[in-house]
Structures are given as structure tokens and as C-alpha cells.
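Structure first, commentary second.
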Amino acid sequence: MPDAASAPVPVRSPAPVPAPARGLKVADWFDARTGMYRWAKTNMRKIFPDHWSFILGEICLYSFVLLVLTGLYLTLFFTPSMTTVVYHGSYGPLQGVRMSEAYQSALHISLDVRGGLLMRQMHHWAALILVAGILTHMMRSFFSGAFRRPREINWLVGFTLLPLAMFEGLTGYDLPDDLLSGTGTRVVQGGILSVPIVGTYLSSFLFGSEFPGTSYVPRFNAIHVLLFPGAMSVMLAAHLALLFFHKHAQYPGPGRTNKNVVGFPLLWVRAAKAGGYFLLVSGTVALVATLGQINPVWAYGPYRPDQVSAGSQPDWYMAFADGLERIMPGWEIRLWGHTLVLGVLIPLVVFGLVLAVIGAYPLFEAWVTGDDGDHHLLDRPRNRPVRTGFGVAWISLYILLFAGAGNDIIATRFRVSVNVVTWVVRIGFFVLPPAAFVAAKRIALGLQRRDRDRVLHGRETGVLKRLPNGGVIEVHALLPHDKLHTLTAHDQPAPLTDPPLSPSWAGSRLPPLLRRLRVRLSRAMYGPHGRVPKPTAREYQEHHPAPQKEKTESPL
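Every position in the sequence shown, counted from 1, becomes a number in my numbering once 57 is added.
The following block contains the structure:
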């Protein structure tokens, strides 16, 4: 009998290796030629902070996507021509009326094309939401200081999207050639003609001849479909690339510093949220377009130069410029043999200056403060009272001029004189923004004092305690450490001092007048009247002394 130890051991053949899936082969082939896997492995796990206000920028992006999709659909049916035709469509009240082919095709899209009216209204509503989203997103970035280094370029890129979106909407508003849009186009042409030297050339370039001519709809259509969308696509791509590189600045909180990021990875958490937000925005725009009628061109009739629709109003984002024109007196002067229409020219200049000030503010603040450090933590608006005051002043000015753009509607609705409404807006133009600035600054300083009191004395509990001498006090409870961190995490830069006392002026070549101006502005923003000193660790320990046998570390 053979020994069991010497018996041959059966050898098992190795299990067959499964062939790679077809999709894996395609992925390997693509990665070998592009290196996409290594790039995705490095970047798709990038952490982005999370906050509800970040969706404002996403609303802008998704509104732009909806504009492109609905615009492509409308382009299939719209005829950008001003050739005169006689209408014989399905809308009875306009039967036999002479109109342009552009207006006839707008009627055809609205009344005859399946889904055409829904697409038109989604396109219009998405344009309004896009500009509203850009403005709201910019205000969030402004009040929280998200524009500071290293995000100044991204602020300027995002700001450029605002005038692009406004003029993109304006050119689209003028395309149907109905009575309302034609009236608005006539206002635009008058504003262009008021520009000295180049106004007549610009008018000839856009309109081809005397208004209305036969060329402005095809030219506006090319600008609306090609020029502005292309420029906006480039700006959006640059904005998203810079955002991906720098990430969102995060709000202060426990564990959050200028050197780390607390949030969620791009894949799959942020990607899943982005997909859900896109569906939510698309559904909301579709619902609003279904329930809310906007721009019923069939009710206005075709444009005729000898007619003006009563109560005509521009889209809300152009109300700022329209309000400026309505409250400006009809001044004209003769200069070097030319007539300058100041009633139109000055509002155009003021409108441009306001936009320029908004765009250049980050550079101004950096210059005033001398701040050249990187900032990845956002400010609470109350901790920057002067900046908050500027933002509130601009918002108040916009609301006032928005009301000025509807002075005729306000006059008829409330049965007052249109001259009274106009003069109220004129006076408010000089009074309301400074008053709003002072009020917002004082409120912000008051909130800072309240935060300081909460840090040093704790929160009110509503519990009353009687003292041995008969007095009554309210018991305060200490704030948790995470709340204390949020209330005290902000920086308070020291204001600039006179050049001989400040090392920051070393090597400066600024003229003495600009130096003194810079020092005064810095003191106004960060001096005793521009902030409330936040509690120090020593002040906290003095108000909350530790027991003698125990040693505690101040959370500040």
C-alpha cells in the first residue's frame, strides 16, 4: 500500500480570467490617448463647500442652458425679415393687416406651432430669471466679500455677464417687431443718436437708414443669436474654470479656515445635487411659463412709427436706465455747432458709471485697505458696515429708478400727477441712497454690538433670579464653542496710518493728495466709526473666570 505522504497531490488549473468588458476597453483606449482617468481621479474628488446661497449661481447657469435650448427651437420658425406682408393667419382680429414677416412669424409661433407659445414664454421667463440670478448672485458675492483676492478676476468675469445678459435680452425683446417692442427700439435708437461724434455712425450700423428702416431686425437677430450668446458662453466657461480652480469661498464655522475646505466632493454628491437643481429650475420655469402670460404680441399689433402703445414698459432689468431717462429734464445745449441732448446723454453716462463702479469696487476696496492676502472665508455683512451700506444704497437707488420707470403707471393707478411722481423720484435720487447707506451702516454696527454682548455675557434665557438685596436679574447662558467661533472668526484689519508711521507706504509713489485720501477712506472703513472691536480672549476670561482648581482655555 503506497504511503499517503508520497501520494501525488492533484494540481488545480487556474480560474480563467474574465475578459474585460467592452466599456472598459473603450475607457482604456480613451485614457491611453487623453490621460482623462488621471485627470478625473485628481479633480473629480475635489471638495467644494456647501451653502444654500451657492445655488444662485447655478440658477444663472441653468437659465442660460434653457435659453439656448428654447432659442434653438424658436430659431426654426422665426423669420428675421422686415419685408411687408399681409396677414392671413389664424388670428381673426389681424386678418388683412399689413405687417412685417418677423411679426407674422412671431404670431405663427405663438398661435399655430405646437408648443410654440410655451417655448416663447419659457424663453422670455428664463431671460428674466437669468438677469435676476446674476444680480442676486453678485449681491451675495458683494455683501460676503467673495470678490477678494484671489477671486477678483472671477468677479470681473461674472460682472461682464451682467451687461451682456441685459443687452442680449434687449435685442431679443426688439425682434418680434410688435408695437411694444418697436416703441422700445425707438427709445434705444434715440439714445444711440444722443452719443456725441459716434452716435450717428452707430445708428447707421444698427438700423441701416432712417428708423425703422428694413434692416434692424435681421441685424439684431444676428447679434442676438450669434454675438452675445458666443460672448456669454466664453465668459461662463472662464467663470466656471476659475470657480473650479479656486472653489467657493466658505462661510466661517468650526474647523473652517483660510487654509482648508469643508464640504462635499464634486463626484458624486455635488454632481447629483447639480442634476437635481437643473431639473428643479427647468420645471419651475416651465410652470411659470404655463401659468403666467408674458409679452402677448398678438394683443399689441404690428409696429407703426406713428403710434405708441400706452403704458409701455421695458423688461425689469432695463428699468434702471429707463427711469433715469424719465426723471431727467429735457435739457439741450449747443456746443461747437452741435446739439447735445443732455436729457438722454446724461442718463446713459450715469447708467454706465454705476455699472463701472460696481465692477471696479473690489479693486477699490483692495487699494483702500492695502490688503494683499488670500481670503477663503466669507464675511458676514454686519462685520463690514461700510461695504454693506454701499450695497444697500445701490439697491435703494435701483428700486427708486424702477419706480421712476413706471411713473405714468403709478400716476394713473393712484390718481396723482405724473409730475409729482417724477419730482419725488428726482429728489429721492439724491436723498434715498445716502439715507439707506447711513441706516444700513448703523444697523450693521448695532448687530456687531449685539454679537459682542452675546459673546461676553451669553444669551438671554428668560429666567429671572432674585438677589439677596431684593434686585432681579436675568440669567444668561454661555454660548457653545461653535457659536462663539462663528461670531469671532472674522478679521478686523487695522486702518492705514499716515505715511511716516506706516511701513505699508514704503516705496509708495502715490502723490501726497492720494495718500491722504487713501488714509481717510481706510479710516472710514476700518476706523472707530466703521466697526465695533470684537471681544478678545482676555476680555472673555475676565467675564467668565475659571474656577481656581480648574484651568480652562478660552474658546477665542
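Ideal Cβ positions, reconstructed from N, Cα and C, are used throughout, including at glycine.
- Sequence-distant residues of the same chain with beta carbon closer than 6 Å to L489, five excluded per side: Counting only Cβ-Cβ distances below 6 Å, and skipping sequence neighbours, we find S453 and L457.
- Query: At which residues does the beta strand (DSSP E) containing M156 begin and terminate?
  - Reply: Element bounds for M156: R155 to S157.
- Beta-carbon proximity check, P359 vs V154, cutoff 8 Å: Yes. Within cutoff.
- Message: Suppose the cutoff is 7 Å on Cβ atoms and the five residues either side in sequence are ignored; what does the same chain contact list for S474 look like?
- Response: Excluding residues within five positions, the ones whose Cβ falls inside 7 Å are A468.
- Closer than 8 Å by C-beta to D235: which residues in its own chain qualify, once you throw out the five before and the five after it? Chain order, please. Non-local beta-carbon contacts of D235 in its own chain, meaning distances under 8 Å to residues more than five positions away in sequence, involve Y160, A163, V354, Y357, G358, P359 and Y360 in chain order.
- Message: Relative to the C-alpha of Y144, which candidate in T396, S157, I384 and V319 has its C-alpha closest?
- Response: Of the listed residues, the one whose Cα sits closest to Y144 is S157.
- What are the boundary residues of the alpha helix (DSSP H) that A501 is part of? Where A501 is concerned, the enclosing alpha helix (DSSP H) starts and stops at V475 to H514.
- Task: Using three-state DSSP, classify F321 as helix, strand or coil.
- Result: If DSSP states are grouped into helix, strand and coil, F321 belongs with the strands.
- Item | Identified DSSP bridge partners for D125 | A small correction: the amino acid at residue 125 is Val; Asp does not occupy that position in the sequence shown. According to DSSP, V125 shares a beta bridge with no other residue.
- Task: Spell out a yes or no on whether the stretch 575-583 and the stretch 413-426 are touching, meaning 3 or more CB-CB pairs, one atom from each, closer than 8 Å.
- Result: As far as the Cβ criterion goes, the stretch 575-583 touches the stretch 413-426, which means the pair count is three or higher.
- Task: Would you tell me roughly how many angstroms separate the C-alpha atoms of G172 and T240, rounded to the nearest one?
- Result: So the two alpha carbons sit approximately 28 Å from each other.
- Distance, G320 Cα to K330 Cα: About 13 Å.
- Query: Looking at F494 and F459, is the spacing between their C-beta atoms short of 8 Å?
  - Reply: For the 8 Å CB-CB criterion, F459 and F494 do not form a contact.
- Task: State the Cα-Cα distance for the pair D539 and V512, rounded to the nearest angstrom.
- Result: Straight-line Cα distance between these residues: approximately 12 Å.
- Item | Burial state of D555, where buried means 16 or more other Cβ atoms lie within 10 Å | Exposed is the call here.
- Task: Report the three-state DSSP secondary structure of H542 (helix, strand or coil).
- Result: In the structure shown, H542 sits in a helix (DSSP, three-state: H, G or I).
- Under 8 Å by Cβ, that's how I've got Q182 and V326 pegged, so tell me the actual separation to the nearest angstrom. Note that residue 182 is Trp in the sequence shown here, rather than Gln. The Cβ separation is near 30 Å, so there is no contact.
- Message: Rounded to whole angstroms, what is the Cα-Cα separation between Q598 and V520?
- Response: Distance between the alpha carbons of Q598 and V520: 24 Å.
- Query: What residue from Q505, Y230, A184 and E389 has the CA that sits closest to V274's CA?
  - Reply: If we check each option's Cα against that of V274, Y230 comes out closest.
- Query: Do you know offhand how far R243's Cα is from P592's?
  - Reply: The straight-line gap from Cα to Cα measures roughly 59 Å.
- Task: Please list, in chain order, all residues of the same chain as Y148 whose beta carbon is under 7 Å from its beta carbon, the five residues on each side excluded.
- Result: The residues L164, L168 and W355, in chain order, have a CB closer than 7 Å to that of Y148 in the same chain once the five nearest residues on each side in sequence are set aside.
- Message: Restricting to Cα atoms, I'd like to know which of P585, H586 and P552 is closest to L574.
- Response: For L574, the nearest C-alpha among the options comes from P552.
- Query: How would you write the range of the alpha helix (DSSP H) that L1 sits in, first residue to last?
  - Reply: This structure does not reach residue 1, given that the chain is present from 58 up to 613, and the question cannot be answered.
- Message: At the level of alpha carbons, what is the spacing between F134 and L118?
- Response: Rounded to the nearest angstrom, the two C-alpha atoms are 25 Å apart.
- Item | Exposure label - K522; buried when at least 16 CB within 10 Å | By the neighbour-count criterion, in which 16 or more other beta carbons inside 10 Å mark a residue as buried, K522 falls on the exposed side.
- Query: Can the beta-carbon of F224 be found less than 8 Å from the beta-carbon of F285?
  - Reply: Going by C-beta atoms, F224 is nearer than 8 Å to F285.
- Message: Quick check on the burial criterion: 16 or more other C-beta atoms within 10 angstroms. Buried or exposed for Y374?
- Response: Buried, because 16 or more other Cβ atoms sit within 10 Å of the Cβ of Y374.
- Query: When DSSP labels each residue in this structure, what does K2 get in the three-state scheme?
  - Reply: Residue coverage of the chain in this structure runs from 58 to 613, which leaves residue 2 outside it and unanswerable.
- Task: Give the DSSP bridge partners of R391, in chain order.
- Result: DSSP, once it has assigned bridges, lists T396 as partnering R391.
- Task: Would you decide whether Q307 is buried or exposed? Buried here means 16 or more other CB atoms lie within 10 Å of its CB.
- Result: Per the 10 Å Cβ criterion, buried.
- Message: Just list the residues that DSSP pairs L521 with in beta bridges.
- Response: Paired residues: E531.
- Please state if the CB of R177 and the CB of L126 are separated by a distance shorter than 8 Å. No, the Cβ-Cβ distance between L126 and R177 is not below 8 Å.
- Identify whether T217 lies in helix, strand or coil by the three-state DSSP scheme. The DSSP-derived three-state label of T217 is helix.
- Please say whether G461 and G380 have beta carbons closer to each other than 8 Å? Yes, the pair counts as a contact, with Cβ atoms nearer than the cut-off.
- Query: Name the DSSP beta bridge partners of I452, please?
  - Reply: According to DSSP, I452 bridges with nothing at all.
- Is there contact between the stretch 496-512 and the stretch 429-441, where contact requires at least three CB pairs shorter than 8 Å? Touching, per the Cβ criterion.
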